[in-house]
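Under numbering that gives the first Met the number 0, the residues of the sequence shown are numbered 0 to 149, in order. Note that beta-carbon positions come from the ideal geometry of N, C-alpha and C, so glycine has one too. It should be emphasised that the depicted structure is a prediction, and the values quoted were computed from it without experimental measurement.
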Amino acid sequence: MYKSIEIDEKIFQDAVKFYGTIFNIPPLASKIYAYLLFDYDKVGIPFDEFVEVFSASKSSVSTSISLLLNAELIIDHNKMDERKRYFFINDGYKKIRFEKIVQKMKDELKLLDDLDRFKKNHNGYDEKIEAYKALLNKNIINIQESLNKL
């Protein structure tokens, strides 16, 4: 029987729920992601272990793994002497995730600036929008400074 890592059931369930919501992924994909969080030694988890641990079909596991790989949430490696693929959390994803957040904030700022320019042609000024734009700018700077440290 497989189970190459030790997991805490409560933390696992909390992680499944949290990441399923945050990443907007189906339950099995969320379980695979949460399971990989417990691979502290980075030994990697083989495909067959997911099939057995989650009592899921190979096709369901394959679909979930493809989704996670495409979303860059996980990565895979083959060990030199084996055909098996081993799966790992993509540690680089934290940086990718925040880069996407920054891009969304920049996109929203541009849209707000465009609306602002249009509104000024119609004698409008909104103090709350200006405060919101300042908040966006401040967060973009904070996140980018932190990303540079990663």
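Endpoints, alpha helix (DSSP H) assigned at residue i
i	result
Tyr39	Per DSSP, Tyr39 belongs to no alpha helix (DSSP H) and is neither H nor E.
Arg96	Tyr92 to Lys119
Phe87	Premise fails: Phe87 lies in the beta strand (DSSP E), Arg84 to Ile88, not in any alpha helix (DSSP H).
Asp7	Where Asp7 is concerned, there is no enclosing alpha helix (DSSP H), given that its DSSP letter is neither H nor E.
Ile139	Glu126 to Lys148
Asp47	Phe46 to Val52
Ile24	Where Ile24 is concerned, there is no enclosing alpha helix (DSSP H), given that its DSSP letter is neither H nor E.
Ser58	Lys57 to Asn69
Residue i classed as buried or exposed, judged by whether at least 16 other C-beta atoms fall within 10 angstroms
i	result
Leu67	buried
Phe117	exposed
Asn89	buried
Ile140	exposed
Lys30	buried
Ile21	exposed
Gly43	buried
Ala33	buried
Tyr39	exposed
First through last residue of the beta strand (DSSP E) which encompasses residue i
i	result
Asn77	Ile73 to Asn77
Residue-level contact to chain B via CB, residue i, 8 angstroms cutoff
i	result
Leu149	Within the model displayed, chain B is absent; a lone protein chain is all it includes.
Cβ distance (whole Å) where residue i is taken to contact residue j below 8 angstroms
i	j	result
Leu111	Lys127	Contact flag wrong, Cβ pair sits at about 11 angstroms.
Leu36	Ile73	Contact doesn't hold; Cβ gap of about 11 angstroms is too wide.
Phe87	Lys41	6 angstroms
Leu149	Lys93	7 angstroms
Leu114	Ser63	Not really, about 40 angstroms apart at Cβ, beyond 8 angstroms.
Phe97	Ile142	5 angstroms
Assigned secondary structure, residue i (DSSP; H/G/I helix, E/B strand, else coil)
i	result
Asp80	coil
Worksheet entry | Segment contact, 8 angstroms Cβ cut-off, at least three pairs: the stretch 40 to 53 with the stretch 9 to 17 | no
Practice prompt. Specify whether the stretch 125 to 137 and the stretch 100 to 116 touch according to this definition: at least 3 beta carbon pairs, one from each stretch, less than 8 angstroms apart.
Written response: yes
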